[in-house]
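Chemist:
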Amino acid sequence: MAHQIAFASMGGVLLAARSQKQYTGGSRAMVVFCATKFREELPPRRFPLDILPPQMPPNRLSPNRRIGPMTPMRAFWTLGLIFLIRGLLSIGLYAQEVAQESHEKSDPAVVSLLAGRCLECHGQSDPAGGLDLTSIGGLQRGSDSGDVLGKTWETSKLWEVIATEQMPPKVKLTDKEKELLGQWVSQGARLPAEPIDRLGISSDYRAGYDWWSLRELAPSPLPIRIGEVQPDIEEGWPVRNMVDSYVLAKLRSNGLKPNPGASPRSLLRRVFNDLIGLPPSFEQIEAFERNPSDEAYGLLVDELLKSPAYGERWGRHWLDVVRFGESDGFERNFPRLHSWPYRDWVIESLNQDMPYDRFVQMQIAGDQMQAGAAGIAAAGFLVSGVHNTVVGSSDRMKRIAVQDELEEKIGTMSQAFLGLTAQCARCHEHKFDPISSESYYRLAASLRGFSHGEREVIDEELERLERGLEIERARVLAQLREFEQGAMKKASAGELSAGELSAGSAIPLPVAAWDFESSGLGLAGAEKSAAQESNGRIFYDTVRGLAGHWRGGQQASRAGLGGGLVLDGRSYLETDPIDFGVEEKTLAAWVKIDPLDQSGGGVLSLQSLDGSVFDAIVYAERESRQWMAGSNGFARSESFGGQRESDPRVHIAMRYRADGTIEAFRNGVLYGRGYRRGLQRFEAGKSQFLFGLRHGPAGGNRWLTGVIYKAVCFDQALSDEAIGELAREPRLGWNLQEAWTKLGESFAKQRQAYRSELERIDRELVDLRASVRKKIYSVVSNPGVGPTKVLLRGDVYQEGAEVRSGGIDTIGGPRGDFGLAPDATDAQRRMALAQWITQANRSLLARVIVNRVWHYHFGVGIVETPNDLGFNGARPTHPELLDALAQAFLEDGMKLKSLHRRIVTSSAYRQSSRPREDGLSKDASNRLLWRYPVRRLDGESARDAMLMIAGVLDRTLGGPGYVDVDYKDTNGTTYYVPKSQEPPECFRRTVYRFNPRCERTSMLDVLDCPDPSATAPKRAMTTTPLQALSLLNSDFVFQMTDALVDRMEDPQQADTTISKLFRSVLLRDPTAEERVQCRQLVAKHGTKALARALWNSSEFLVLD
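The sequence shown begins at 57 in our numbering and counts up one residue at a time.
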């Protein structure tokens, strides 16, 4: 370097001068010239000492002026001056050497070591001890205790703390690291002028922006040409595509060879399970054995990829990754009955081969990208995790709950799509990956604008069809009412009692009516039979013959009550499901409240079968001795402001208008004031009436004590006049069943024709409405969530700088800010986030999903940790192959089916699983893929295979999942208990199982199916005695065994049965020895014992 050369030149001059006995003026001038020249060659602003002025006056220093002889005194002062100059120069040169070195001339190994071991404490932001080691400027400023460089490196404080192992304080430096730092200090402690970004440099202790997974893809040339046959390997092992080229090259470099191809049976079991999660048939294996060519295999792969079962299989994998569960988790664990549309969307998207980048974007902002149910269902990803509904009353606990939920969402999203554990930066800078707390809170700002909830989606086309059916229903209903009114007029001519309808009555025919006072219909007439069977059928509706059932305590008549339905506060009546739908309606009853001081009991209630939705005539629930229109969660309930009840016997009616207005009438007069709170529809086949109970299930203060004499329900809002007339005629009844008998068969047939037409329309409406109005558990935007601030150390009360919506600085350039306004909407934030994840670093996105797909095909990924491609994750065994597959994936338009095809058609995938001594000795874990890894079926695949082989598999696609648990709410907590036996409606593929958290069936549990409370990118694979016991003795296995044997067994031909069982379960014929053993087993224990033994065999459970 220039100043080093100058220093060397000056040193030579000084030494030459010393050798002279006398110093001439010329030699003095040379000393001054060299010192001056040295100063001029140094950067003028950074050299700390002005040794000499840039120019000397001509009369004082001239090369032509001769200086007199050197006297001893002059020599003494001249020599002293020389040594002084040399000392000053040495100090200046040491300081300048430190300052002059640029970033390019700093040792990268030292910079990496400092970033990994020192800059966490000695960075720019509040450095420990005041020492900033990120740049030369910080090093020169020193620490709080002063200069750290010293006059020489041996005396520097910096070297002292390194040599004495004072620093770093926690994990000591290795000898190699100390040696490196010693050389660095001795050479001038060179550092760049610009501050070192600790997150930007990878080291042995943490990842930086240059970490392998964060770099752009860099595919290398194929090491072995595609199509090349390997003569030294059995069967030639052709290099069929890029997978084989990289795998084979890696094997050869490690002194290994791959296995030859697998048998047709093994290969087909493998590829069927991998692509569709179901076994092939014996006939398909036979066909492939006859023609195992590459062309035939390729056609088979294409057929499997087109199968709807492909989406079901790979949808299950994805649901593991995104921790999809159908209950909230935590203490309450409420079920989510409408979260299944997200599962269906995943399956359908995979079957359609949706480009992966759009697949990702839809799950973050689908409700903004696509109108209708599909977009809303896709966004269900964001709320498919746990949700704490019990957060405490304190402000601190509420804030912590919000931050905990954000951390869970950020963690799942970053791991699923980017393979990074961004959630670890909530309280501090990520300890191992280049993710700052600011980046974490930018992600939090992107996801803060929504909450968990249900959204109703309406299909406009189907809604038009619904309106048309409703018009048709109204026309048929009007015809039926006109016919029934005419029939009643005829029947009233002496056939019906005086209390029947008169020609001029304002009261229409009801849809249901009960007369508990009439002989044989109420309590008095049923007393004898009730004593024999307290829960038997005891009464019928007089209009349709709707059967009712007594529930609760034993019935008993009470003297002096004069008949009626006697309720003791512990019993109630419920009807069978109604066969008509009700929306606008009037409920009325003649009742005696005894005693008047009771609360919350229901007189007449119309409810859904599970009691979750209801409209009811309720007494004194919120206000003492006052009537109320009861409803689920008080959704349609308000105070009427009516009078307190003083008369125990009263007629009460509730009128529900189409516009949502609800009014009460007491003894035919308006009770207080009405209000408008909406209208609830009760579906045919899904609703029922209750008497004496507010709603089911029974319990609490829902019971009524008293007597109900009559009750009636109209499917329209009666006029004030009709309600008044109804109240004045307490003996009024509609015994239409008796009337039809009196009027003859022709009337009955005509009436039945009208009713059949109505039932047809109602069925169509029920099906249509299920599609027209669909509830979907998804994101619900929350406007006005306020600014997001960095929480220092994660403390909800220690707020730092405000941040805007953004991503991680690691990805997509130096900053992850989306450039949105502080008040950007939830839609804008999530759209920007979706674009950033899929476009900022497509290389990382592609690496993560390619590795994930590889993991499910081979049991372990190229990177063994599918959710973590950061520092704490595993390193890739075949990095060149991973990049090549990721690049091809991008070039294929990010289509997953192309990736599957490339993998499963390779020779590496198609090789046998046979073990070899050389492979086991050099690569026992098979990470180099010298053979195909043996794998056990996962729980879902085992269950689905058993259903299919037993011939009972229901292949219905989509819709609400089957429920194999009983669940109930106990003190606000929902408990899920597995059913002892699965009914036939549960015989669907396991991906359609209603999947609550903290509950699994025994068979799925022992076969390592994960709980959806947390993401499961890599399932555990255990071997325990419980697995064998479950596959031998569980209720499900018994059910499947019964079904299989019923299909296969030929009592007269044991050998035929044995062959059928082997072909169905093991996909081969038994050997002669096996046949003998099977005959003995069947003879001693029966065919079912053999079937259960086959379910438990490794040949069924293991893919080789």
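Even glycine gets a Cβ: it sits at the ideal position worked out from N, Cα and C. Computed from a predicted model, the values in this text were never measured in an experiment.
Please look up how many angstroms separate the CB atoms of Leu889 and Arg325, rounded, as I've assumed it's under 8 Å.
Modeler: Here residue 889 refers to the residue found at position 833 of the sequence shown. Here residue 325 refers to the residue found at position 269 of the sequence shown. Incorrect: roughly 42 Å between the Cβ atoms, too far for contact.
Chemist: Tyr810 and Leu536: beta carbons closer than 8 Å?
Modeler: For this step, residue 810 is matched to residue 754 along the sequence shown. For this step, residue 536 is matched to residue 480 along the sequence shown. Yes, the Cβ-Cβ distance between Tyr810 and Leu536 is below 8 Å.
Chemist: Under the DSSP definition of a beta bridge, which residues are partnered with Thr1030?
Modeler: Your numbering for residue 1030 matches position 974 in the sequence shown. According to DSSP, Thr1030 bridges with Asp1025.
Chemist: Compare the beta carbon distance of His934 and Lys306 with 8 Å and say whether it is the shorter of the two.
Modeler: Indexing the sequence shown from 1 puts residue 934 at position 878. Indexing the sequence shown from 1 puts residue 306 at position 250. For His934 and Lys306, yes; Cβs fall inside 8 Å.
Chemist: Would the beta-carbon of Arg713 fall within 8 Å of that of Ala783?
Modeler: The residue labelled residue 713 in the question sits at position 657 within the sequence shown. The residue labelled residue 783 in the question sits at position 727 within the sequence shown. For Arg713 and Ala783, no; Cβs fall outside 8 Å.
Chemist: Excluding the five sequence neighbours on either side, which residues of its own chain have a C-beta within less than 7 Å of the C-beta of Val669, listed in chain order?
Modeler: Stepping through the sequence shown from its first residue, residue 669 is reached at position 613. Excluding sequence neighbours, Val669 sits near Gln663, Asn688, Gln736.
Chemist: Could you check where the beta strand (DSSP E) with Phe670 kicks off and where it finishes?
Modeler: By 1-based counting over the sequence shown, the position of residue 670 is 614. Here the beta strand (DSSP E) through Phe670 covers 670–675.
Chemist: Taking the C-alpha atoms as reference points, what is the distance between Glu526 and Leu821?
Modeler: Sequence index remark: in the sequence shown, residue 526 carries index 470 (1-based). Sequence index remark: in the sequence shown, residue 821 carries index 765 (1-based). Whole-angstrom Cα-Cα distance: 8 Å.
Chemist: Quick one: grab the DSSP three-state call for Val647.
Modeler: Locating residue 647 in the sequence shown gives position 591, where the first residue counts as 1. Val647 falls in the strand class under three-state DSSP.
Chemist: Taking a contact to mean a Cβ-Cβ separation below 8 Å, would you say Leu205 touches Leu195 in this structure?
Modeler: Residue 205 sits at position 149 when you count from the first residue of the sequence shown. Residue 195 sits at position 139 when you count from the first residue of the sequence shown. For Leu205 and Leu195, yes; Cβs fall inside 8 Å.
Chemist: Which partner residues does Asp1102 have in the DSSP bridge list?
Modeler: Here residue 1102 corresponds to residue number 1046 of the sequence shown, with the count starting at 1. For Asp1102, which the question treats as bridged, DSSP gives no partner whatsoever.
Chemist: Is DSSP giving Ala603 helix, strand or coil here?
Modeler: Residue 603 sits at position 547 when you count from the first residue of the sequence shown. Here Ala603 sits in strand by DSSP.
Chemist: How big is the Cα-Cα spacing for Leu375 and His911?
Modeler: The residue you call residue 375 lines up with position 319 of the sequence shown. The residue you call residue 911 lines up with position 855 of the sequence shown. Their backbone Cα atoms lie some 15 Å apart in a straight line.
Chemist: So the candidates are Asp460, Phe380, Ser1115, Leu760; which of them puts its Cα closest to the Cα of Gly850?
Modeler: For the purposes of this step, residue 850 is taken as residue 794 along the sequence shown, with counting starting at 1. Among Asp460, Phe380, Ser1115, Leu760, the Cα nearest to that of Gly850 belongs to Asp460.
Chemist: Cα separation between Leu665 and Gly317?
Modeler: Numbered from its first residue, the sequence shown carries residue 665 at position 609. Numbered from its first residue, the sequence shown carries residue 317 at position 261. Between Leu665 and Gly317, the C-alpha separation is close to 58 Å.
Chemist: Does DSSP classify Met1002 as helix, strand or coil?
Modeler: On the sequence shown, residue 1002 is found 946 positions in, with the first residue counted as 1. Reduced to three states, the DSSP call for Met1002 is helix.
Chemist: By how many angstroms is the C-alpha of Ser242 removed from the C-alpha of Ile107?
Modeler: Taking the first residue of the sequence shown as position 1, residue 107 is located at position 51. Taking the first residue of the sequence shown as position 1, residue 242 is located at position 186. Bear in mind that a pLDDT of 31 at Ile107, under 50, signals an unreliable position, so the number given afterwards is only what the model happens to contain. Cα-Cα distance, rounded: 25 Å.
Chemist: Rounded to the nearest angstrom, how far is the Cβ of Val378 from that of Ala478, given a contact under 8 Å?
Modeler: Counting from 1 along the sequence shown, the entry for residue 378 is found at position 322. Counting from 1 along the sequence shown, the entry for residue 478 is found at position 422. Their Cβ separation, rounded to whole angstroms, is 15 Å, which puts Val378 and Ala478 out of contact at 8 Å.
Chemist: May I have the straight-line CA-CA distance separating Ala942 from Thr1030, to the nearest angstrom?
Modeler: Walking along the sequence shown from the start, residue 942 turns up at place 886. Walking along the sequence shown from the start, residue 1030 turns up at place 974. Rounded to the nearest angstrom, the two C-alpha atoms are 45 Å apart.
Chemist: Going by DSSP in three states, Met710 sits in which element: helix, strand or coil?
Modeler: As a working mapping, residue 710 is identified with position 654 in the sequence shown. In the structure shown, Met710 sits in a strand (DSSP, three-state: E or B).
Chemist: Using three-state DSSP, classify Ser1153 as helix, strand or coil.
Modeler: The residue you call residue 1153 lines up with position 1097 of the sequence shown. The answer is coil: DSSP assigns Ser1153 none of H, G, I, E or B.
Chemist: Against chain D, does Val1033 count as a neighbour if the rule is that its beta carbon must be under 8 Å from one of theirs?
Modeler: Although the question refers to chain D, the structure presented lacks it and comprises just one protein chain.
Chemist: Where Glu1041 and Gln1095 are concerned, what is the direct C-alpha to C-alpha distance, given to the nearest angstrom?
Modeler: What you label residue 1041 is simply residue 985 of the sequence shown in a count that begins at 1. What you label residue 1095 is simply residue 1039 of the sequence shown in a count that begins at 1. Straight-line Cα distance between these residues: approximately 13 Å.
Chemist: When you compare only the Cα positions, how much space is there between Ala720 and Asp776?
Modeler: In the sequence shown, counting from the first residue as 1, residue 720 sits at position 664. In the sequence shown, counting from the first residue as 1, residue 776 sits at position 720. Looking at the two C-alpha atoms, the distance is approximately 11 Å.
Chemist: Are there three or more Cβ pairs, one per stretch, closer than 8 Å when the segment 760–769 is compared with the segment 638–653?
Modeler: The segment 760–769, when compared against the segment 638–653, does touch it at the 8 Å Cβ threshold.
Chemist: Helix or strand or just coil, what does DSSP make of Arg829?
Modeler: As a first step, residue 829 is located in the sequence shown; it is residue number 773 there, counting from the start. Strand at Arg829.
Chemist: Would you kindly report the start and end of the unbroken alpha helix (DSSP H) that includes His956?
Modeler: Translated into positions along the sequence shown, residue 956 becomes position 900. Run containing His956: 952–960, per the alpha helix (DSSP H) assignment.
Chemist: Please report the residue range of the alpha helix (DSSP H) in which Ser664 lies.
Modeler: Start at 1 with the first residue of the sequence shown, and residue 664 comes out as number 608. No alpha helix (DSSP H) holds Ser664; the beta strand (DSSP E) holding it covers 657–664.
Chemist: Could you compute how far the alpha carbon of Tyr1048 sits from the alpha carbon of Ser395?
Modeler: As a working note, residue 1048 is residue 992 in the sequence shown. As a working note, residue 395 is residue 339 in the sequence shown. So the alpha carbons of these two residues sit roughly 12 Å apart.
Chemist: Kindly give me the distance between the Cβ atoms of Ile1005 and Val1121, rounded to whole angstroms, as I take these residues to be in contact under 8 Å.
Modeler: In the sequence shown, residue 1005 corresponds to position 949, counting from 1. In the sequence shown, residue 1121 corresponds to position 1065, counting from 1. Rounded, the Cβ-Cβ distance is 6 Å, consistent with contact.
Chemist: Spatial neighbours of Ala435 within its chain, please: CB distance less than 6 Å, with the 5 preceding and 5 following residues excluded, ordered by chain position.
Modeler: The residue you call residue 435 lines up with position 379 of the sequence shown. Cβ neighbours of Ala435 beyond the five flanking positions: Gly422, Asp423, Ser834, Val835.
Chemist: Run the CB neighbour count on Met1077, radius 10 Å, all protein chains shown included, and call it buried at 16 or more, exposed below.
Modeler: Start at 1 with the first residue of the sequence shown, and residue 1077 comes out as number 1021. Exposed: under 16 other Cβ atoms inside 10 Å.
Chemist: Identify the continuous beta strand (DSSP E) that holds Ala568 and give its terminal residues.
Modeler: Stepping through the sequence shown from its first residue, residue 568 is reached at position 512. Unbroken beta strand (DSSP E) run through Ala568: 568–571.
Chemist: Compare the beta carbon distance of Gln1037 and Asp1098 with 8 Å and say whether it is the shorter of the two.
Modeler: Along the sequence shown, read from residue 1 onward, the residue named residue 1037 stands at position 981. Along the sequence shown, read from residue 1 onward, the residue named residue 1098 stands at position 1042. No. Outside cutoff.
Chemist: Can you tell me which residues form a DSSP beta bridge with Cys769?
Modeler: Residue mapping note: residue 769 aligns to position 713 of the sequence shown, counting from 1. DSSP, once it has assigned bridges, lists Ala568, Leu643 as partnering Cys769.
Chemist: For Asp359 and Ile403, which I take to be in contact (beta-carbon distance under 8 Å), what is that distance rounded to the nearest angstrom?
Modeler: Here residue 359 corresponds to residue number 303 of the sequence shown, with the count starting at 1. Here residue 403 corresponds to residue number 347 of the sequence shown, with the count starting at 1. The sequence given here places Glu at residue 359; Asp does not occur at that position. Not really, about 18 Å apart at Cβ, beyond 8 Å.
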